[in-house]
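Chemist: Shown below is the structure under consideration.
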């Protein structure tokens, strides 16, 4: 691991040597200069993790050097040492962004601790930025897989909504279509990206607990309320709250949510004062809310409040051209997770994936690919590792006896046999033993027919 490098700027050469020796003993790489102009020139060609500047320099003051540093780089940590009577300097230095100011003569132990703390804080900031960057890459629009026209129309709306000041968004779609992924994309593409994204599934939390989860509670509000607890709205202040399956929210809770949307304020359970919050609320449901309004299980005033900007996600069967790309994406993901080396999908397996109706949408596709990657021993994902019921509903189902109807004008039985042999070989991807098994034939009987129909 590289040593953290410190630039020490102090005209007192004896003090410079003492501080340099001390910091080097604690594992730091130290460069020392004795004037402000020397430091300016050095900083033009080299960067440092920390600047330790004394206020009294022969040309520039420490404050003047700090101003120049901040005009070029507002991220480098700076410590300033001042004479004992330098209170005004300390106030101005902190205003300019110095990490801390130490009065001379400095206690050497305190100096080392302050340098350690400044660089630890810098490291934490860098890690937070990396996490935010990784989060943005994971949940940004560019991470949503698919180029179909249906998906691109949705993503165009997502981009516009994210950049707007819209306070409520409603995402609708069948189960498994990726509603939470869209909600996260809206958050991470917006000016709220650096603030919290808080999610809750309204159908998974009992009605009696949902209010306290969303709004929090005061100490003593009920028997088990030993301490005060902040709810999701308060924790997400400045960011986004995602209410999944809002269509399952109870009528009583719908009334309370409506008040929050209208007033942007709420009270904790057991509380007596309103708490103002600035949150974007993204709601999602797989229910038909218009029908739910008709049967009075969902409030119309709440629907019109949350549905200002509706986003309808297409089911996977309506964007079949995205299936090969999605499958490849999940194969890569599970290769990394399970240490496998599946390089692609066989032609027949891809055909089945594309033709299958996917009632569980992308979630079902992901689960199928996970299972297939775990079972696969070849370098390609093959038909034999797809669920049998999926195969039966696509290629196998199309040639089964229940789907075949003899045309009124009749048919040559050899044409039927030829087609069955062709499809069995295609489904078995050329493996004659598997093809024979599919047709309940012996291997010799299959080979006889293959030769008969010029398939050998």
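In full-length UniProt numbering, the protein residues as written are 1 to 456.
Every residue gets a Cβ at the ideal spot worked out from N, C-alpha and C, and that includes glycine.
Since the model is a prediction, treat every value here as computed from it, not as a measurement.
1. Measure the C-alpha to C-alpha separation of residue 245 and residue 277 and round it to an integer number of angstroms.
2. Using the three-state DSSP reduction, which class does residue 298 fall into: helix, strand or coil?
3. So residue 313 and residue 173 are in contact, right, with Cβ under 8 Å, and what is the actual spacing, rounded?
4. Return the chain-ordered ranges of every alpha helix (DSSP H) run that is complete within the region 189-242 and spans a minimum of 4 residues.
5. Report yes if the C-beta distance between residue 186 and residue 158 is below 7 Å; otherwise report no.
6. Please report the distance separating the alpha-carbon of residue 307 from that of residue 167.
7. Which runs of the alpha helix (DSSP H) fall wholly inside the region 149-179 and span at least 4 residues, in chain order?
8. Could you pull out every residue in the same chain whose Cβ sits closer than 6 Å to the Cβ of residue 161, ignoring the five residues on either side in sequence?
9. Taking buried to mean at least 16 other C-beta atoms within 10 Å of its own C-beta, is residue 396 buried or exposed?
10. Am I right that residue 196 and residue 239 are in contact with their C-beta atoms under 8 Å? What's the rounded C-beta distance?
11. So, for residue 22: in the same chain, excluding its five sequence neighbours on each side, which residues have a beta-carbon less than 8 Å away from its beta-carbon?
12. What are the boundary residues of the alpha helix (DSSP H) that includes residue 103?
13. Check residue 312 in the structure and name its three-state DSSP category.
14. Work out the CA separation of residue 242 and residue 199 for me, nearest whole Å.
15. Taking the continuous alpha helix (DSSP H) assigned at residue 342, which residues delimit it?
16. For residue 228, which option in 213, 56 and 237 has the closest C-alpha, if you only look at C-alpha atoms?
17. For residue 456, name the three-state secondary structure that DSSP assigns.
18. Sorted by chain position, which residues of the same chain lie with C-beta nearer than 6 Å to residue 361's C-beta, five sequence neighbours on each side aside?
19. Would you be able to state if there are at least three C-beta pairs under 8 Å between the region 321-332 and the region 284-294?
20. Just the Cα atoms here: how many angstroms apart are residue 43 and residue 279?
21. Check residue 381 in the structure and name its three-state DSSP category.
22. Tell me whether residue 5 sits in a helix, a strand or coil according to DSSP, three-state version.
23. Which value, in whole angstroms, describes the spacing of the CA atoms of residue 391 and residue 368?
24. Using the Cα positions of residue 438 and residue 345, report the straight-line distance between them to the nearest angstrom.
25. Mind checking who residue 77 pairs with in its DSSP beta bridge?
26. Provide the residue(s) that pair with residue 244 in DSSP beta bridges, ordered along the chain.
27. Which residues share a DSSP beta bridge with residue 266?
28. Once you ignore the five residues that flank residue 189 on each side, which residues in its own chain have a CB closer than 8 Å to its CB?
29. Could you check if residue 179 is buried or exposed, using at least 16 other CB atoms within 10 Å of its CB as the buried criterion?
30. In three-state DSSP terms, what is residue 145?
31. Do you know offhand how far residue 271's Cα is from residue 265's?
32. Which residues mark the beginning and the end of the alpha helix (DSSP H) in which residue 411 is found?
33. Between 83, 79, 33 and 51, which has its C-alpha nearest residue 59's C-alpha?
34. Which residue comes first and which comes last in the alpha helix (DSSP H) that contains residue 365?
35. Classify residue 394 as helix, strand or coil using the three-state DSSP reduction.
36. By DSSP, does residue 280 sit in helix, in strand, or in coil?
Modeler: In terms of the structure at hand:
1. Counted from its first residue, the chain shown places residue 245 at position 245. Counted from its first residue, the chain shown places residue 277 at position 277. The straight-line gap from Cα to Cα measures roughly 22 Å.
2. Indexing the chain shown from 1 puts residue 298 at position 298. It is coil, neither helix nor strand.
3. Start at 1 with the first residue of the chain shown, and residue 313 comes out as number 313. Start at 1 with the first residue of the chain shown, and residue 173 comes out as number 173. Indeed they touch by this definition, with Cβ atoms about 3 Å apart.
4. Under the rule that a run must span 4 or more residues, the alpha helix (DSSP H) segments found entirely inside the region 189-242 read 207-215 and 232-235.
5. As a first step, residue 186 is located in the chain shown; it is residue number 186 there, counting from the start. As a first step, residue 158 is located in the chain shown; it is residue number 158 there, counting from the start. It is a contact, given that the beta carbons lie within the stated cut-off.
6. Sequence index remark: in the chain shown, residue 307 carries index 307 (1-based). Sequence index remark: in the chain shown, residue 167 carries index 167 (1-based). C-alpha separation (whole angstroms): 11 Å.
7. Taking 4 residues as the minimum length, the alpha helix (DSSP H) runs contained wholly in the region 149-179 are 149-163, in order along the chain.
8. The sequence position of residue 161 within the chain shown is 161, counting from 1. Contacts found: 169, 186 and 309.
9. The residue labelled residue 396 in the question sits at position 396 within the chain shown. Per-residue confidence for residue 396 stands at a pLDDT of 48, beneath the threshold of 50, marking its modelled position as unreliable; no derived number is given.
10. As a working note, residue 196 is residue 196 in the chain shown. As a working note, residue 239 is residue 239 in the chain shown. Right, the Cβ-Cβ distance comes to about 4 Å (below 8 Å), so this counts as a contact.
11. By one-based count along the chain shown, residue 22 stands at place 22. Excluding residues up to 5 positions away in sequence, 108, 111 and 112 lie with their Cβ nearer than 8 Å to the Cβ of residue 22 in the same chain.
12. In the chain shown, counting from the first residue as 1, residue 103 sits at position 103. Judged by DSSP secondary structure, residue 103 falls outside any alpha helix (DSSP H) and instead within the beta strand (DSSP E) spanning 100-103.
13. Mapped onto the chain shown, residue 312 falls at position 312. The answer is strand: DSSP assigns residue 312 an E or B state.
14. Counting from one through the chain shown, the residue named residue 199 turns up at place 199. Counting from one through the chain shown, the residue named residue 242 turns up at place 242. Rounded to the nearest whole angstrom, the CA to CA distance from residue 199 to residue 242 is 5 Å.
15. Against the chain shown, residue 342 aligns to sequence position 342. Segment: none, residue 342 is in no alpha helix (DSSP H) and carries neither H nor E.
16. Counting from one through the chain shown, the residue named residue 228 turns up at place 228. Distance from the Cα of residue 228 is smallest, within the candidate group 213, 56 and 237, for 213.
17. As a position in the chain shown, residue 456 is number 456, starting the count at 1. Three-state result, residue 456: coil.
18. Within the chain shown, the letter at position 361 stands for residue 361. The beta carbon of residue 361 sits closer than 6 Å to those of 174, 176, 177, 315 and 316, all from its chain and outside the five residues before and after it, given in chain order.
19. Touching, no.
20. Taking the first residue of the chain shown as position 1, residue 43 is located at position 43. Taking the first residue of the chain shown as position 1, residue 279 is located at position 279. Within the model, the alpha-carbon separation for residue 43 versus residue 279 is close to 42 Å.
21. Working through the chain shown from its first residue, we reach residue 381 at position 381. Strand.
22. Within the chain shown, numbered from 1, the residue matching residue 5 stands at position 5. Shown here, residue 5 sits in a strand according to DSSP, grouped into three states.
23. The sequence position of residue 391 within the chain shown is 391, counting from 1. The sequence position of residue 368 within the chain shown is 368, counting from 1. Going by the C-alpha atoms only, they are around 12 Å apart.
24. Counting from 1 along the chain shown, the entry for residue 438 is found at position 438. Counting from 1 along the chain shown, the entry for residue 345 is found at position 345. For residue 438 and residue 345, the distance between alpha carbons rounds to 21 Å.
25. Taking the first residue of the chain shown as position 1, residue 77 is located at position 77. According to DSSP, which records beta bridges pairwise, residue 77 is partnered with 50.
26. Looking up residue 244 in the chain shown gives position 244. Note: residue 244 sits in a beta bridge opposite 201.
27. As a working note, residue 266 is residue 266 in the chain shown. When beta bridges are read from the DSSP output, residue 266 appears opposite 275.
28. The residue given as residue 189 occupies position 189 in the chain shown. Excluding positions up to five away in sequence, the list reads 140, 141, 158, 159, 162 and 163.
29. Taking the chain shown and counting its residues from 1, the one referred to as residue 179 is at position 179. Of the other Cβ atoms in all chains shown, 16 or more fall within 10 Å of the Cβ of residue 179; this residue is therefore buried.
30. Reading the chain shown from its first residue, position 145 is the one you call residue 145. Here DSSP, grouped into helix, strand and coil, assigns residue 145 to coil.
31. Counting from 1 along the chain shown, the entry for residue 271 is found at position 271. Counting from 1 along the chain shown, the entry for residue 265 is found at position 265. Taken atom to atom, the span from the alpha-carbon of residue 271 to that of residue 265 is near 12 Å.
32. Along the chain shown, read from residue 1 onward, the residue named residue 411 stands at position 411. That residue, residue 411, is in no alpha helix (DSSP H); it is neither H nor E in DSSP.
33. For the purposes of this step, residue 59 is identified with residue 59 of the chain shown, where counting begins at 1. When only C-alpha atoms are compared, the closest one is 33.
34. Counted from its first residue, the chain shown places residue 365 at position 365. Taken as a continuous stretch (DSSP letters only), the alpha helix (DSSP H) holding residue 365 covers 361-375.
35. Looking up residue 394 in the chain shown gives position 394. If DSSP states are grouped into helix, strand and coil, residue 394 belongs with coil.
36. To locate residue 280, count along the chain shown from 1; it is residue 280. Strand at residue 280.
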